[in-house]
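Single-structure report; data block below.
Protein chains: 2
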Amino acid sequence: MDIKEIARRAGVSTATVSRAVNRIPTVDPKLAKRVWKVIDELGYVPNTQARALVSGRSRIFGLIVSEITNPFFPEIVQVFENTAVQYGYEIMLSSTVHDPKRMELSVRRMIERRVEGVAIMTFGMEESVLEHLTDRNVPLVFVDVGPARPRVSNIRIDYLRGIRQAVQHLAALRHKRIAFITGPTGLKSAMARRSAFIQSMKEIGLEAAPELLAQGDHTVEGGMLAAEKLFKMRLRPTAVLCSNDLTAIGVMRTAFENDLRLPSDLSVVGFDDIRLAQFVVPPLTTVQMSQSELARIAFEALLNDVERDTPAPEGTEYRLETNLVLRNSTALAPGK
Amino acid sequence: MDIKEIARRAGVSTATVSRAVNRIPTVDPKLAKRVWKVIDELGYVPNTQARALVSGRSRIFGLIVSEITNPFFPEIVQVFENTAVQYGYEIMLSSTVHDPKRMELSVRRMIERRVEGVAIMTFGMEESVLEHLTDRNVPLVFVDVGPARPRVSNIRIDYLRGIRQAVQHLAALRHKRIAFITGPTGLKSAMARRSAFIQSMKEIGLEAAPELLAQGDHTVEGGMLAAEKLFKMRLRPTAVLCSNDLTAIGVMRTAFENDLRLPSDLSVVGFDDIRLAQFVVPPLTTVQMSQSELARIAFEALLNDVERDTPAPEGTEYRLETNLVLRNSTALAPGK
DNA sequence: AACGCCCTTGTAATCGATTGCTCACCGTGG
DNA sequence: CCACGGTGAGCAATCGATTACAAGGGCGTT
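Here you go:
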């Protein structure tokens, strides 16, 4: 059933039907009403691909995340989708699973569907394959790592703020040996968190000794492994700050296995504030980086770029703060 | 840049370009090579909407879940998407957040984009709005609750099997007072789990007393609330079986707050086996219902229906088992 | 009464592919 | 030498919308 059918039954031309459907005010209300009646009766729904073809606008945004099964992302997907729907957009979701091949395939698929913009939430891996998109002038939004080009936006995250709060919180609780478990070395955002930790420690005259910087990979398993190493040290750290919440959950798990009580024997702080953080035992003190804010900003960045016809030559920047959220996984250092 | 441009530069007709792109064997290899060269040089990518328009096939499947932020679903999304990509399909994801209005809107959007099939993973809520889809002969796949109609598949879940294993496991550990925390009353799959529990208890001569059936809602908070009630009873249950893992996590959390040690003071069993279940403290014994299997079956059901021209009049049925996975949240009943 | 303008509606081109049908060309067999 | 079949390429219709432009009708003005 197409627009012609409607036109025939309503006794008007397809142009009029199209105008009625798109609520163009110049159509005679009488006619419009007749058209709508037929549309309702037949349950006509316009074909988006036909529309997209002639208008040149797909009304689709791409969303590339590194792993949808990482609890950090579903919230982003949810908010991004909600916002998109509000503006009449659809989203094309793709999970790269940290694989450049898959990233490339995703980009290809998105170009085939003629996305009008893409949000890249991989936090700094494999952006090289994206030149196909920039070549085509597709608006992009990155977190921190986008190049300064027209139609490329960046959401700058203030990692230092939240991490500094976390470090000072631990210091206030008399912790001196504070360990940090990093994320994957290749991940820019993980490196930024690490630097923020080192700087925050320096600021208050504490040493971020190399042996207190353990290597993690932003998974629970990685957190467990790193924690095992830390717990084997002669002088065990009394507090652990983690590059993300999953890592912190791993630490908590290993602490449990080693009969360390939280928070009395060990304080743990996470990063991200995934929803789950408030439900673990004990509820996790963590640095919040609002996923819903991030998603909302990303969407708006794309929308702005799509509607702008002369883009800023260096792209646009947005900011997102981070803040410590106190729960129950931190306490006075043991023996103090 | 379109197919005409390629045709012009390669000195052939658009028909030949189209045939070369689609690897139709009748084109002269010489010509095909020439066409491919131009395509590579210009970075031409065919326009999917144009293709979809003429072929009448969007190569999009819809996937409706109740809440993407529920950790049960991301794994499904991941596997569904992977499989789809393998077969050259795209997926349109939608999260209803248990709201019939949003479900209706999703369906509308999917019809606008002319999806070729829809997987409905809401486990039994609000399927009424789906008649727009069945009217249009769009293949559907449900979990348990789909009507018996052509082009409607059902994945039947054997809840009883896994739940019986769980109940017998607890009974073997000498638990007698075994509580069950249900899911939302309106959710068919939750009701099925409840019935399976009652039946399993009866089978081994234990009573599923009404006061041991607590009302939950498949969220952590719901689990906490239900657990609080159960813990206030004069004769506290020694084991709790939960309608899903989130509920179980809530119970563990409340147990912790009430200084109940797991598993020595209380045994807890979940349902679903979300990935997180192995990472909580202690690792959760739970009934596995494989999310990746579920997603794979759902995709295949749709694919089968799309390719079949004379569908089975009563739809097709698929089966999925459930099985208990032993971890460390269960132990001998206290005092035994 | 005639002219012209404005407002609404319709005709037809267009978006970018696919594909049925026609046609040209080649080789083969009578 | 001609007819015929087979093969591969091109022309043009088509999918379902939007929209530039043309056309027609009504009304005000002179």
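The listed protein sequences derive, respectively, from chains S and Y. Counting from 1, one number per residue, gives the positions in the first sequence under my numbering. Counting from 1, one number per residue, gives the positions in the second sequence under my numbering. Built from N, CA and C at the ideal position, the CB exists for glycine as well.
Counting only beta-carbon atoms, is residue i nearer than 8 angstroms to chain S?
i         : result
Met103(Y) : no
Glu228(Y) : no
Ile68(Y)  : yes
Met252(Y) : yes
Gly216(Y) : no
Ala50(Y)  : yes
Ser58(Y)  : yes
Gly183(Y) : no
Leu53(Y)  : yes
Pro74(Y)  : yes
Ile64(Y)  : no
Phe231(Y) : no
His98(Y)  : no
Can you tell me whether DSSP reads residue i as helix, strand or coil?
i         : result
Gly216(Y) : coil
Ser66(Y)  : coil
Asp272(Y) : strand
Val280(Y) : coil
Phe80(Y)  : helix
Arg8(S)   : helix
Thr316(S) : strand
Ile60(S)  : strand
Gly223(Y) : helix
Val97(S)  : coil
Ile204(S) : coil
Leu266(Y) : coil
Leu332(S) : coil
Met121(Y) : strand
Ile297(Y) : helix
For residue i, which option in the options has the closest C-alpha, if you only look at C-alpha atoms?
i         : options                                    : result
Lys30(S)  : Ile60(S), Val12(S), Pro46(S), Ile64(S)     : Val12(S)
Lys336(Y) : Ser290(Y), Ala84(Y), Arg174(Y)             : Arg174(Y)
Leu213(S) : Ala196(S), Ile204(S), Val220(S), Glu203(S) : Ala196(S)
Ala284(Y) : Ala298(Y), Leu266(Y), Gln291(Y), Phe299(Y) : According to the sequence as given, residue 284(Y) is Leu; it is not Ala. Looking at the Cα atoms, Leu266(Y) is the closest of the given residues.
Ala179(S) : Met201(S), Arg161(S), Ser66(S), Gly162(S)  : Met201(S)
Asp144(S) : Leu303(S), Ile120(S), Arg51(S)             : Ile120(S)
Arg113(S) : Val138(S), Lys101(S), Thr96(S), Val268(S)  : Val138(S)
Met103(S) : Leu63(S), Ala333(S), Tyr87(S)              : Leu63(S)
Val41(S)  : Phe61(S), Thr16(S), Phe72(S), Glu5(S)      : Sequence check: residue 41(S) is Glu here, not Val. Comparing Cα positions, the closest option is Glu5(S).
Arg109(Y) : Ser106(S), Lys101(S), Tyr89(S), Ala52(S)   : Tyr89(S)
Val141(Y) : Ile204(Y), Leu246(Y), Gly315(Y)            : Gly315(Y)
Ser189(S) : Asn258(S), Ala295(S), Asp2(S), Gly146(S)   : Gly146(S)
Glu203(S) : Lys232(S), Phe279(S), Pro184(S), Leu160(S) : Leu160(S)
Ala333(Y) : Val268(Y), Val107(Y), Gly250(Y)            : Val268(Y)
Step through the CB atoms of chain Y and report whether any lies within less than 8 angstroms of the CB of residue i.
i         : result
Asp28(S)  : no
Ser95(S)  : yes
Met92(S)  : yes
Glu317(S) : no
Glu112(S) : yes
Pro46(S)  : yes
Ile198(S) : no
Pro71(S)  : yes
Gln86(S)  : no
Gly43(S)  : yes
Arg193(S) : no
Phe299(S) : no
Phe80(S)  : no
Asp40(S)  : no
Asp2(S)   : no
Phe256(S) : yes
Asp245(S) : no
Contact check, residue i vs residue j under 8 angstroms by CB: the rounded distance?
i         : j         : result
Glu317(Y) : Arg57(Y)  : The pair is not a contact, with the Cβ atoms about 26 angstroms apart (cut-off 8 angstroms).
Arg149(S) : Val281(Y) : Their Cβ separation, rounded to whole angstroms, is 47 angstroms, which puts Arg149(S) and Val281(Y) out of contact at 8 angstroms.
Ala226(Y) : Gly216(Y) : 5 angstroms
Ser66(Y)  : Phe123(Y) : 7 angstroms
Asn323(Y) : Gly162(Y) : 5 angstroms
Ser329(Y) : Val79(Y)  : Actually they are not in contact, since the Cβ atoms of Ser329(Y) and Val79(Y) sit about 26 angstroms apart, beyond 8 angstroms.
Asp158(S) : Leu326(S) : Going by Cβ atoms, the distance from Asp158(S) to Leu326(S) rounds to 19 angstroms, so no, they are not a contact pair.
Ile274(Y) : Val77(S)  : About 17 angstroms separates the two Cβ atoms, so there is no contact after all.
Asn244(S) : Asp272(S) : 5 angstroms
Glu116(S) : Ile60(S)  : 6 angstroms
Any alpha helix (DSSP H) of 4 or more consecutive residues that is wholly inside the stretch 128-187 of chain Y: 131-135, 159-172
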